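In UniProt numbering, the protein residues as written are 1 to 768.
Below is one structure, written out as structure tokens; the observations come after it.
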Amino acid sequence: MYAVSVSLGASSSYVTVAPVSSTTSTAAVSDAAPIKVIANSSGHRNTPVVAALTGQELLFGDNAHHQYSRQPQKVVPYLFAYAAAAASIADAQHVLGTEAEHAAESEETTSDLLRVVEAAANQKYKGHCRLTQAASGTRQLGFEYTSEPDGELVESFISAEDLFIRFLNYIKEHSVDGACGLTTTTGGDEATSSSAKLFLTLVVPRYAFPGAADSAHVAHRGRTVEWLKEAVQSSHLGAVVLNTSVVFSDEAAVTAYDAATQERRVPRLLSTEPHNVLVVDWGAHGLCLSLLCTRGGVLVCPPQHHNVPYRCFTKGSVAVGDGYFAVGAGSGGDALDVALAERVAAQYMTQQRRLFASPSRNFNALLHLNHALPTIGSTEHPATGLLHEAIPSRAMRRLALLMAEKKVSLNTNPQATSVSVEAEAFYEGMDLIDTQTLTKNKLDNALRSEWGLLDMFSKAVRAFADKYKDTWTEGFVDTVLLAGGMCQMPSLTRLLAASVQSPDQRWLFAAAVRVLDSSLMGNGVCADELFSVGGCHHSCRVAECYTMQRLAMSRQSRKSAGKMQAVVAAQAAETATSVWDALTKDDDDESSDGEDGQQETLMSDPHSGVFLAGNVYLYVGDTTALTCAATQQLPCASLRVLLAHSAALPCRVAIPWSPTSPETRTVLYLFTDAHGAPSTDSAADLVEVRPVNSAGLVLHAAASPACGGALGPLCLTFTAQAKWNEVSEREVHVSVQLVRVPSVGGADIASLVLTPGVLCSSYEFVLQ
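Shown next, in the form of structure tokens:
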């Protein structure tokens, strides 16, 4: 079995694979075969998310990219983003319904996402194949092209979803098959089943699914991404995939960085301590900021108002609706490609002025080009119009693609100080050779000053904070994660880290804020690849749950086990099955209606989890210091944390109790924080607490004698779980149980978390 992740960005796709065991009780990745970002059949780890609709066949990846300079009208850039836009439009039309009264509204075949994608495509891929509605009269969105099935030209149409399915077939054939030992399927629509099975995770940008933040439907996220799972099943991957998960890229970034911190033995992101994490995803289109929280070692989404990222896109994009997209200057990697191409072309025209002699051309304007990041084809700057008037469009398209490669080469090679740009027959048979423009010093200066990216970042963070300052109550951001292709540039990451950690940013960030970049990852993983790495970690966890569930079920079916062993095996199987069901069940189940259905949906939704608001303490000090007051201040040294604040519910802790005789009795005094979690960990300070119950909890050893009156091993279990009260509100119930530990095959106290014991007495309280 293999854990596989496919990250689907705006312009790039990466595949990460790790073999997992199918025979042991754990699916941990072998040390000899770690998680690895694999190369495709062309030898590149990056597969462009591009398609070319040629007359003979459909091309993808690098082959499609090469068609752009010659036949731009046949090229579909940002293929996944177009498919997501088409799916969001179809979903909106489905909500409106097909009734006659909604016909006028349904004619609108656009969305915020589509407008943004079109604006980005017009910036770099001018003249590309556009998304359109099928001529058959249906509301299906796709692409029109001319094919030659039998040597005759035929007008054809392929939907955006079908084109994306073909792209998944390409990914399987050219990346996944070789890494996982699968049979390559070519020339047919059906894939043969293979003995190797995959646990697949698709990592997608959150901004491509604005409907996933709809708080009116808790399970709306599941419905929004369901078309992705259906596309996988319809592709050749469907025959070999055991389970498909969809996670957002900011969540995958947290998972990847958490694994890296664990490996480097530095403080983890998913520790028991709560964290507020700002994920900075600076990719091909622009800057994306999103806030996530970790509570009790669990990644949770913040309140609904913070699920929608603030995004700065290319100039000219329109922001409507609830502000899913923000208008900003071109700031992404594609804008840099265009800017660098124009800068190299301007340098070429200046050096070869005799080739472009014309009294109408203002060559002085070329000296001031790219003091900002212009949009390709724009006439806002005189030099931009001059370039596209003088140099053929095909040459500029070739140069823009070339600069994308050179930019990556310069920033991924630590030893390189400059990169030579060479384009054959660039203008009227003359070659372009430039060794001066693309240097690290010039690029760093442009990032710092001319292009104003740092100022743009600061303004975006300020606007992000202003947008949520009235509703955000989770405290300061203590961790910033840098991801995305733009963060592969060391100079930019240094500037961002310095900006975040400067005293001017204390209004949003904690004083000791951590800034993590891809240098922490190791193994040659760059900032654009860590999303796929995080997704592969998720696939490994799913594979582990699958293996544990199979193992637990096989142990339950053994007939030779004794009565107690059978009980233990049954509970272990039930627990493993519950975990597997929670990971794999459909999120769009709408069969539950009414109040009970709402409660069941909320309790099962992984993004609406319940967490302890404060610590639950066991008092270990002098009992004469206690009072009957509703709240009192006790020294930290006299309190032991049983259940930590922000712990995900349900949670349980077990501690041993060894009474000397059946007459032994003990009194437990339980407290919780009076006003949330304490603000200090110093043992010399006082903590304001309130009692969990009105009086001490008295436990008698006489309630737990074993056979013959002797005392067996005893254990106290403290369990906190969320329950619904009579008015449909959640309450946190804390139960204390005195349990006699069974003598089962070396069972210890820790096994009481899952293993049932002999219940002697039980008490339950509600945390007010």
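Every residue, glycine too, gets a C-beta built ideally from N, C-alpha and C.
Remember, predicted model here, so these are calculated numbers, not experimental data.
- Message: DSSP three-state label for Tyr257, please.
- Response: Against the sequence shown, residue 257 aligns to sequence position 257. Looking at Tyr257 - three-state DSSP - the assignment turns out to be helix.
- Query: Which residues in the same chain have their Cβ closer than 7 Å to the Cβ of Met553, if we skip the five residues on either side of it in sequence?
  - Reply: Taking the first residue of the sequence shown as position 1, residue 553 is located at position 553. Same-chain partners within the cutoff: Ala573.
- Report yes if the C-beta distance between Ala569 and Ala527 is below 9 Å; otherwise report no. What you label residue 569 is simply residue 569 of the sequence shown in a count that begins at 1. What you label residue 527 is simply residue 527 of the sequence shown in a count that begins at 1. Not closer than 9 Å, so no.
- Item | Simplified DSSP assignment, three categories, for Phe476 | One-based indexing of the sequence shown puts residue 476 at position 476. Of the three classes helix, strand and coil, the one that applies to Phe476 here is coil, per DSSP.
- With contact counted as at least three CB pairs below 8 Å, one residue from each stretch, are the region 689-699 and the region 640-651 in contact? Taking a contact to require three or more Cβ pairs closer than 8 Å, the region 689-699 and the region 640-651 do not qualify as touching.
- Item | Sub-9 Å separation of Ser646 and Thr272 beta-carbons | If you number the sequence shown from 1, residue 646 lands on position 646. If you number the sequence shown from 1, residue 272 lands on position 272. Yes, the Cβ-Cβ distance between Ser646 and Thr272 is below 9 Å.
- Give me the Cα-Cα distance between Ser557 and Thr547, rounded to the nearest whole angstrom. Residue mapping note: residue 557 aligns to position 557 of the sequence shown, counting from 1. Residue mapping note: residue 547 aligns to position 547 of the sequence shown, counting from 1. Looking at the two C-alpha atoms, the distance is approximately 16 Å.
- In chain order, what residues of the same chain have a beta carbon less than 7 Å from the beta carbon of Leu618, not counting five sequence neighbours either side? Here residue 618 refers to the residue found at position 618 when the sequence shown is read from its first residue. Counting only Cβ-Cβ distances below 7 Å, and skipping sequence neighbours, we find Arg640, Leu642, Leu668 and Leu670.
- Task: Tell me whether the beta-carbon of Cys636 lies closer than 9 Å to the beta-carbon of Val687.
- Result: Taking the first residue of the sequence shown as position 1, residue 636 is located at position 636. Taking the first residue of the sequence shown as position 1, residue 687 is located at position 687. A contact, by the Cβ cut-off of 9 Å.
- Three-way DSSP call (helix, strand, coil) for Cys628 in this model: The residue you call residue 628 lines up with position 628 of the sequence shown. Note: Cys628 maps to coil in three-state DSSP.
- Contact belief for Ser175 with Val20 at Cβ below 8 Å, rounded distance in angstroms: If you number the sequence shown from 1, residue 175 lands on position 175. If you number the sequence shown from 1, residue 20 lands on position 20. With 8 Å as the limit, Ser175 and Val20 do not qualify as a contact, their Cβ atoms being about 18 Å apart.
- Message: For Pro656, list the residues DSSP reports as bridge partners.
- Response: If you number the sequence shown from 1, residue 656 lands on position 656. In DSSP, Pro656 forms a bridge with Cys715.
- Query: In three-state terms, what does DSSP make of Gln415?
  - Reply: Reading the sequence shown from its first residue, position 415 is the one you call residue 415. Coil.
- Reduced DSSP category for Met430 - H, G, I as helix; E, B as strand; rest coil: Translated into positions along the sequence shown, residue 430 becomes position 430. Strand.
- Task: Would you please state the rounded distance, in angstroms, between the beta carbons of Leu200 and Val241? I believe it to be under 8 Å.
- Result: For this step, residue 200 is matched to residue 200 along the sequence shown. For this step, residue 241 is matched to residue 241 along the sequence shown. With 8 Å as the limit, Leu200 and Val241 qualify as a contact, their Cβ atoms being about 5 Å apart.
- Query: With distances taken between CB atoms, is the gap from Gly61 to Ser88 smaller than 9 Å?
  - Reply: Mapped onto the sequence shown, residue 61 falls at position 61. Mapped onto the sequence shown, residue 88 falls at position 88. No, the pair does not count as a contact, with Cβ atoms beyond the cut-off.
- Task: Report the partner residues of Phe157 according to the DSSP bridge assignment.
- Result: Walking along the sequence shown from the start, residue 157 turns up at place 157. The partner list for Phe157 (beta bridge, DSSP) reads Glu144.
- Does the region 493-510 come within contact of the region 457-465, defined as at least 3 CB pairs closer than 8 Å? yes
- So, is Met1 buried or exposed, given that buried needs 16 or more other C-beta atoms within 10 angstroms? Your numbering for residue 1 matches position 1 in the sequence shown. By the neighbour-count rule (16 or more Cβ atoms within 10 Å), Met1 is buried.
- Sub-9 Å separation of Arg514 and Pro267 beta-carbons: Numbered from 1 along the sequence shown, position 514 holds the residue referred to as residue 514. Numbered from 1 along the sequence shown, position 267 holds the residue referred to as residue 267. It is a contact, given that the beta carbons lie within the stated cut-off.
- Among all the DSSP beta bridges, which residues are the ones paired with Trp724? As a first step, residue 724 must be located in the sequence shown, where it is residue number 724. Answer is Arg730, bridged to Trp724.
- Find the nearest neighbour of His537 within the set Tyr207, Ser13, Leu738 and Ile35, judged by alpha-carbon distance. Along the sequence shown, read from residue 1 onward, the residue named residue 537 stands at position 537. Answer by Cα proximity: Ile35.
- Give me the Cα-Cα distance between Ala345 and His66, rounded to the nearest whole angstrom. Position 345 of the sequence shown, counted from the first residue, corresponds to residue 345. Position 66 of the sequence shown, counted from the first residue, corresponds to residue 66. Distance between the alpha carbons of Ala345 and His66: 20 Å.
- Query: Under a Cβ-count criterion, where at least 16 other Cβ atoms within 10 Å of its own Cβ denotes burial, should His675 be classed as buried or exposed?
  - Reply: The count along the sequence shown starts at 1 and reaches residue 675 at position 675. Classification of His675: exposed, given that the 10 Å Cβ count is below 16.
- Between which two residues does the beta strand (DSSP E) containing Pro691 stretch? For the purposes of this step, residue 691 is taken as the residue at position 691 of the sequence shown. Where Pro691 is concerned, the enclosing beta strand (DSSP E) stretches over Leu686 to Pro691.
- In terms of residue numbering, what span does the alpha helix (DSSP H) encompassing Asn63 cover? Against the sequence shown, residue 63 aligns to sequence position 63. That run of the alpha helix (DSSP H) goes Gly61 to Gln67.
- Query: Based on the DSSP secondary-structure assignment, which residues constitute the bridge partners of Glu764?
  - Reply: Locating residue 764 in the sequence shown gives position 764, where the first residue counts as 1. Ser735.
- May I have the straight-line CA-CA distance separating Gly55 from Pro210, to the nearest angstrom? Your numbering for residue 55 matches position 55 in the sequence shown. Your numbering for residue 210 matches position 210 in the sequence shown. Approximately 35 Å between the Cα atoms of the pair.
- Message: Between which residues of its own chain and Leu759 is the CB-CB distance below 7 Å, once the five residues before and five after are set aside?
- Response: Looking up residue 759 in the sequence shown gives position 759. Excluding residues within five positions, the ones whose Cβ falls inside 7 Å are Gln737 and Val739.
- Leu355 and Met456: beta carbons closer than 9 Å? Against the sequence shown, residue 355 aligns to sequence position 355. Against the sequence shown, residue 456 aligns to sequence position 456. Their beta carbons are not under 9 Å apart, which means Leu355 does not touch Met456 by this criterion.
- Message: Assuming Val279 is part of the beta strand (DSSP E), what are its boundary residues?
- Response: Stepping through the sequence shown from its first residue, residue 279 is reached at position 279. Run containing Val279: His275 to Trp282, per the beta strand (DSSP E) assignment.
- Buried or exposed: His285, going by 16 or more other Cβ atoms within 10 Å of its Cβ? Counting from one through the sequence shown, the residue named residue 285 turns up at place 285. Burial call: buried.
- Considering only C-alpha positions, which residue in the set Pro662, Ser418 and Ala425 is nearest to Thr439? For the purposes of this step, residue 439 is taken as the residue at position 439 of the sequence shown. For Thr439, the nearest C-alpha among the options comes from Ser418.
- Leu670 - containing beta strand (DSSP E), residue span: Position 670 of the sequence shown, counting from 1, holds the residue named residue 670. Leu670 -> beta strand (DSSP E) spans Leu670 to Asp673.
- Message: Quick check on DSSP: helix, strand or coil for Ser195?
- Response: For this step, residue 195 is matched to residue 195 along the sequence shown. If DSSP states are grouped into helix, strand and coil, Ser195 belongs with coil.
- Whole-angstrom C-beta distance between Glu161 and Ala83, which should lie under 8 Å: Indexing the sequence shown from 1 puts residue 83 at position 83. Indexing the sequence shown from 1 puts residue 161 at position 161. Confirmed, about 6 Å.
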